[in-house]
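Heads up: the sequence shown begins at 6 in the numbering used here, then just goes up one per residue.
Below is one structure, written out as structure tokens; the observations come after it.
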Amino acid sequence: MSSADKAPMTPKKPPQPATEGPSSSPSLPASHAPTRCQALTRAGKPCGATPMRGEAWCYQHHPDYAEQAQADRIRAAHTPKAPRVKQAPPPAAYGALQTPEDIRKVVEGTIGSLLRGQIDRGRANAILYGCQVALRAVDVAAFERRLKALEGEQAAGQKRRGKAR
Ligand SMILES: [Zn+2]
6 MSSADKAPMT PKKPPQPATE GPSSSPSLPA SHAPTRCQAL TRAGKPCGAT
56 PMRGEAWCYQ HHPDYAEQAQ ADRIRAAHTP KAPRVKQAPP PAAYGALQTP
106 EDIRKVVEGT IGSLLRGQID RGRANAILYG CQVALRAVDV AAFERRLKAL
156 EGEQAAGQKR RGKAR
């Protein structure tokens, strides 16, 4: 007589997920060695920095090192920072604006720089506006040259006609 055969099979319970208590408790014991700093930043967000070995806080937030960290911050604030690198000028956007071809190159370079995100829209607008003004000036200069040439031809023609008479 085998009792094992008669014993009803008890359906195995699915493993219960461990949902006991809030898992994201900020007050973990230091011995738990969290992988993230438990402190909050000044913005109220979790710091998330790698904590010191066996501690719940990173160097910046560890109470024992708070003074030292504060001193470091003050020193950093008083250390002159390297001057910020200015927005690199697009090489094609610089050069002579003497001829329509010069201006076309600058316009082309400016649009290219804008599309590549090397310059912002305000800067591109300013350059393109400058190109418009330059193009108008080039046009006016070209018109004046043509006009003078025509006047010169006309004067020369009148002289020739005058001599012929
Ligand atoms: Zn921290």
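Beta carbons are placed, not taken as given, at the ideal position from N, Cα and C, and that holds for glycine.
Note that the coordinates shown come from a computational prediction; the quantities given were computed from them, not determined experimentally.
Requested in this report: Classify residue 131 as buried or exposed, calling it buried when 16 or more other Cβ atoms lie within 10 Å of its own Cβ.
Outcome: The sequence position of residue 131 within the sequence shown is 126, counting from 1. Counting Cβ neighbours within 10 Å, residue 131 comes out exposed, since fewer than 16 surround it.
Query raised in the report: If you draw a straight line from the C-alpha of residue 73 to the C-alpha of residue 49, how long is it?
Result: Translated into the one-based positions of the sequence shown, residue 73 becomes position 68. Translated into the one-based positions of the sequence shown, residue 49 becomes position 44. Cα to Cα, residue 73 sits roughly 22 Å from residue 49.
Report task. Taking only heavy atoms of ligand 1 into account, decide whether any of them is closer than 8 Å to the Cβ of residue 65. Result -> Here residue 65 refers to the residue found at position 60 of the sequence shown. Yes, since a heavy atom of ligand 1 falls inside the 8 Å radius drawn around the Cβ of residue 65.
Query raised in the report: By a C-beta neighbour count over all protein chains shown, 10 Å radius and 16 as the cutoff for buried, is residue 43 buried or exposed?
Result: Taking the sequence shown and counting its residues from 1, one reaches residue 43 at position 38. It counts as buried.
Query - Three-way DSSP call (helix, strand, coil) for residue 68 in this model - result: Start at 1 with the first residue of the sequence shown, and residue 68 comes out as number 63. If DSSP states are grouped into helix, strand and coil, residue 68 belongs with the helices.
Query raised in the report: Once you ignore the five residues that flank residue 153 on each side, which residues in its own chain have a CB closer than 8 Å to its CB?
Result: For the purposes of this step, residue 153 is taken as the residue at position 148 of the sequence shown. Contacts found: none.
Query raised in the report: On the three-state DSSP scale, how would you describe residue 39?
Result: As a working mapping, residue 39 is identified with position 34 in the sequence shown. Residue state, collapsed to three classes: coil.
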